[in-house]
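Visitor: Numbering (the working numbering), first residue to last: 1177 to 1669.
Next up is a structure, given as structure tokens.
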């Protein structure tokens, strides 16, 4: 099957026009054409960050689900490899659903044929032949660092057991017990399985969570406040674009939560199906996550949907307890261009310390000591990010020709300061408050004129004075500059 090329007649298209369309994000990952979905199979191996994602092989909406593969060497610039795990029999509804990629260093599968250990994907296939759920777990493997994939002849490794959800395996190697562990969204809860070889799985335990819907789980350990001697386990799910998480202990068999209710990871309208990288080097020490910014609109574009910017996760202790924090990865510095910088300046109402700026992709870093000011924030044409000092809340609202949105989150000062890091792309914003205590990730259609995509940036405040401890605005360069892609790579072989 050959993917429809639409209006693109050349086999190789440069950045103009394929990656510079009006609503093409400039530093967020997108597929070359057609619609993407859930983040899948994040794994690192020998200098390459591998990302897979759901991809519609035939069009710009949800359907015809395959996996698509891309790699990065710096978490910022991405190279599209092409379809990876595919199901050709779409007539029967056999779609490739969510899963995990791992490196089988000990060759427990016996798949290794060369010097490199096999890269193995564990994923769901949705076989809706009978009109019921029939979701099975399967494995594919690669011996050439993810460039070609082979189906395991013994698939499925877990048969369908319920006429209900049984999907989205999150898999990792649990070193203390020398075994593989799987967390599976199953029959309204989260089931834990173990395996010596990724082929033969044994049920261990169940975590019921809340509300009975826990698709796209992820499960990983993190040190608390950077203390390696105090490590907790985090499990998160994704019910309806609202990723929630629990913190607790894991004894190799069962997850034991330390809270009665789950907490929210991101408070925006468009952050879903997030996953973390497996196999990051120990010397790196980070846990890095990417999410699907689900539900954005890209009218008239040959592609649909985008990913979040990669973010680093951490567990931090606050007055209210331990919370999962997220911040953009430090590699964002690779695309910083022009910079305006203000430090330790007293600012009054109507002052605009950054002057007049315009860009279609930028980062804003803000640290404010409020004093007697009532509100402060950033105005971006029809998008306003404003902090209300007396109420200690951050509000984001948008007025445009097409919509009005508002999102308000509590954000208390820490040491009498409010910190914000804001990423603005052509069709999205990601806001991180107080070193990641809150995150708000949403898509939007900016108010534009003709092909004008640049946004005016203005600092705003009302009712008194504040000390701007830091105000930095960085223009961000496109990750698609000088990028080419051969559309023949979209063939499903």
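The beta carbon of each residue, even a glycine, is placed where N, CA and C say it ideally should be.
Fair warning: this is a prediction, and the values are worked out from it, not measured in the lab.
Start and end of the alpha helix (DSSP H) containing residue 1194?
Guide: Position 18 of the chain shown holds residue 1194. 1191-1194 is the extent of the alpha helix (DSSP H) around residue 1194.
Visitor: If you reduce the DSSP assignment to three classes, tell me which class residue 1496 lands in.
Guide: Here the question's residue 1496 lines up with position 320 in the chain shown. Residue 1496: coil per DSSP, three-state reduction.
Visitor: Flag this pair as touching only if the region 1531-1544 and the region 1595-1607 have three or more C-beta atom pairs under 8 Å; answer yes or no.
Guide: yes
Visitor: Return the chain-ordered ranges of every alpha helix (DSSP H) run that is complete within the region 1275-1312 and spans a minimum of 4 residues.
Guide: DSSP runs (the alpha helix (DSSP H)) wholly in the region 1275-1312: none.
Visitor: Based on Cα-Cα distance, which residue from 1236, 1241, 1321, 1256 lies nearest to residue 1277?
Guide: Position 101 of the chain shown holds residue 1277. When each option's Cα is compared against that of residue 1277, the closest is 1321.
Visitor: Which partner residues of residue 1652 appear in the DSSP bridge assignment?
Guide: Translated into the one-based positions of the chain shown, residue 1652 becomes position 476. BP columns for residue 1652 point to 1512.
Visitor: On the DSSP bridge assignment, give the partners of residue 1668 in chain order.
Guide: Counting from 1 along the chain shown, the entry for residue 1668 is found at position 492. For residue 1668, which the question treats as bridged, DSSP gives no partner whatsoever.
Visitor: Counting along the chain, where does the beta strand (DSSP E) carrying residue 1380 start and finish?
Guide: Taking the chain shown and counting its residues from 1, one reaches residue 1380 at position 204. Run containing residue 1380: 1378-1383, per the beta strand (DSSP E) assignment.
Visitor: Going by DSSP, which residues form a beta bridge with residue 1422?
Guide: To locate residue 1422, count along the chain shown from 1; it is residue 246. Answer is 1411.
Visitor: Does the beta-carbon distance from residue 1597 to residue 1201 come in below 7 Å?
Guide: The sequence position of residue 1597 within the chain shown is 421, counting from 1. The sequence position of residue 1201 within the chain shown is 25, counting from 1. Not closer than 7 Å, so no.
Visitor: Can you find the residues in the same chain that come closer than 6 Å, C-beta to C-beta, to residue 1449, ignoring five residues on each side of it along the sequence?
Guide: Position 273 of the chain shown, counted from the first residue, corresponds to residue 1449. Cβ-Cβ distances below 6 Å link residue 1449 to 1214, 1215, 1392, 1414, 1468 in the same chain, with the five nearest sequence neighbours on each side left out; the list follows chain order.
Visitor: My guess is that residue 1203 and residue 1511 are in contact by the Cβ rule of under 8 Å, so how many angstroms apart are they, rounded?
Guide: Taking the chain shown and counting its residues from 1, the one referred to as residue 1203 is at position 27. Taking the chain shown and counting its residues from 1, the one referred to as residue 1511 is at position 335. Under the criterion of beta carbons closer than 8 Å, residue 1203 and residue 1511 qualify as touching, at roughly 6 Å.
Visitor: In or out: residue 1654 buried (at least 16 other Cβ within 10 Å) or exposed?
Guide: Counted from its first residue, the chain shown places residue 1654 at position 478. Classification of residue 1654: buried, given that the 10 Å Cβ count is 16 or more.
Visitor: Are residue 1217 and residue 1334 touching if we call contact CB-CB under 7 Å?
Guide: The count along the chain shown starts at 1 and reaches residue 1217 at position 41. The count along the chain shown starts at 1 and reaches residue 1334 at position 158. Inclusion of residue 1217 and residue 1334 in the CB contact set at 7 Å is not warranted, their separation being larger than that value.
Visitor: Please classify residue 1212: does DSSP put it in a helix, a strand, or coil?
Guide: By one-based count along the chain shown, residue 1212 stands at place 36. Residue state, collapsed to three classes: strand.
Visitor: According to DSSP, is residue 1352 helix, strand or coil?
Guide: Numbered from its first residue, the chain shown carries residue 1352 at position 176. Reduced to three states, the DSSP call for residue 1352 is helix.
Visitor: Pull up the distance between the alpha-carbon of residue 1225 and that of residue 1246, whole angstroms please.
Guide: Looking up residue 1225 in the chain shown gives position 49. Looking up residue 1246 in the chain shown gives position 70. The alpha-carbon atoms of residue 1225 and residue 1246 are separated by roughly 8 Å.
Visitor: Going by DSSP, what residue range makes up the beta strand (DSSP E) through residue 1372?
Guide: Sequence index remark: in the chain shown, residue 1372 carries index 196 (1-based). For residue 1372, there is no enclosing beta strand (DSSP E), as DSSP gives it neither H nor E.
Visitor: Under the rule that 16 or more other beta-carbon atoms within 10 Å means buried, what is residue 1282, buried or exposed?
Guide: Here residue 1282 is taken as the residue at index 106 of the chain shown, counted from 1. That one is exposed.
Visitor: Check residue 1506 in the structure and name its three-state DSSP category.
Guide: Looking up residue 1506 in the chain shown gives position 330. Helix at residue 1506.
Visitor: Do residue 1489 and residue 1451 come within 7 Å of each other at the CB atom, strictly closer than that value?
Guide: Translated into positions along the chain shown, residue 1451 becomes position 275. Translated into positions along the chain shown, residue 1489 becomes position 313. The answer is no: Cβ separation not under 7 Å.
Visitor: If you draw a straight line from the C-alpha of residue 1610 to the C-alpha of residue 1435, how long is it?
Guide: One-based indexing of the chain shown puts residue 1610 at position 434. One-based indexing of the chain shown puts residue 1435 at position 259. Spanning the two alpha carbons is a distance of roughly 23 Å.
Visitor: Kindly indicate the opening and closing residues of the beta strand (DSSP E) around residue 1203.
Guide: Position 27 of the chain shown holds residue 1203. First-last for residue 1203: undefined, no H or E at that position.
Visitor: Taking DSSP as the reference, what is the three-state secondary structure of residue 1663?
Guide: Here the question's residue 1663 lines up with position 487 in the chain shown. Residue 1663 falls in the helix class under three-state DSSP.
Visitor: According to DSSP, residue 1327 sits in a beta bridge with which residue or residues?
Guide: Position 151 of the chain shown holds residue 1327. 1316.
Visitor: If you reduce the DSSP assignment to three classes, tell me which class residue 1527 lands in.
Guide: Along the chain shown, one-based indexing puts residue 1527 at 351. Residue 1527 carries a coil assignment under DSSP once its states are collapsed to helix, strand and coil.
Visitor: Among the candidates 1588, 1516, 1443, 1458, whose CA atom is the shortest distance from the CA of residue 1564?
Guide: As a first step, residue 1564 must be located in the chain shown, where it is residue number 388. If we check each option's Cα against that of residue 1564, 1588 comes out closest.
Visitor: Using a Cβ-Cβ distance under 7 Å, would residue 1406 count as near chain D?
Guide: As a matter of chain content, chain D is missing from the structure shown, which is built from one protein chain.
Visitor: Given this structure, state the Cα-to-Cα distance separating residue 1395 from residue 1358, to the nearest angstrom.
Guide: Reading the chain shown from its first residue, position 219 is the one you call residue 1395. Reading the chain shown from its first residue, position 182 is the one you call residue 1358. Rounded to whole angstroms, residue 1395 to residue 1358 spans 9 Å at the Cα level.
Visitor: Can you give me the Cβ contacts of residue 1515 inside the same chain, cut-off strictly under 8 Å, excluding the 5 residues immediately before and after it?
Guide: Working through the chain shown from its first residue, we reach residue 1515 at position 339. Closer than 8 Å at Cβ, skipping near neighbours: 1648, 1649, 1650, 1651.
Visitor: Can you tell which of 1291, 1337, 1366, 1398 has the C-alpha that lies nearest to the C-alpha of residue 1387?
Guide: Position 211 of the chain shown holds residue 1387. Across the set 1291, 1337, 1366, 1398, the C-alpha of 1366 shows the shortest separation from the C-alpha of residue 1387.
Visitor: Using only alpha-carbon positions, find the residue among 1199, 1614, 1253, 1194 that is nearest to residue 1623.
Guide: In the chain shown, counting from the first residue as 1, residue 1623 sits at position 447. Minimum Cα distance to residue 1623 is reached at 1199.
Visitor: Hey, residue 1659 and residue 1244 are a contact pair by Cβ (cut 8 Å); roughly how many whole angstroms apart?
Guide: As a first step, residue 1659 is located in the chain shown; it is residue number 483 there, counting from the start. As a first step, residue 1244 is located in the chain shown; it is residue number 68 there, counting from the start. Going by Cβ atoms, the distance from residue 1659 to residue 1244 rounds to 16 Å, so no, they are not a contact pair.
Visitor: Alpha carbon to alpha carbon, what distance is there between residue 1428 and residue 1292?
Guide: Residue mapping note: residue 1292 aligns to position 116 of the chain shown, counting from 1. Residue mapping note: residue 1428 aligns to position 252 of the chain shown, counting from 1. The straight-line gap from Cα to Cα measures roughly 28 Å.
Visitor: Flag this pair as yes or no: are the beta carbons of residue 1522 and residue 1636 separated by less than 7 Å?
Guide: Here the question's residue 1522 lines up with position 346 in the chain shown. Here the question's residue 1636 lines up with position 460 in the chain shown. No, the pair does not count as a contact, with Cβ atoms beyond the cut-off.
Visitor: So, helix, strand or coil for residue 1596, using DSSP?
Guide: Along the chain shown, read from residue 1 onward, the residue named residue 1596 stands at position 420. It is a strand residue.
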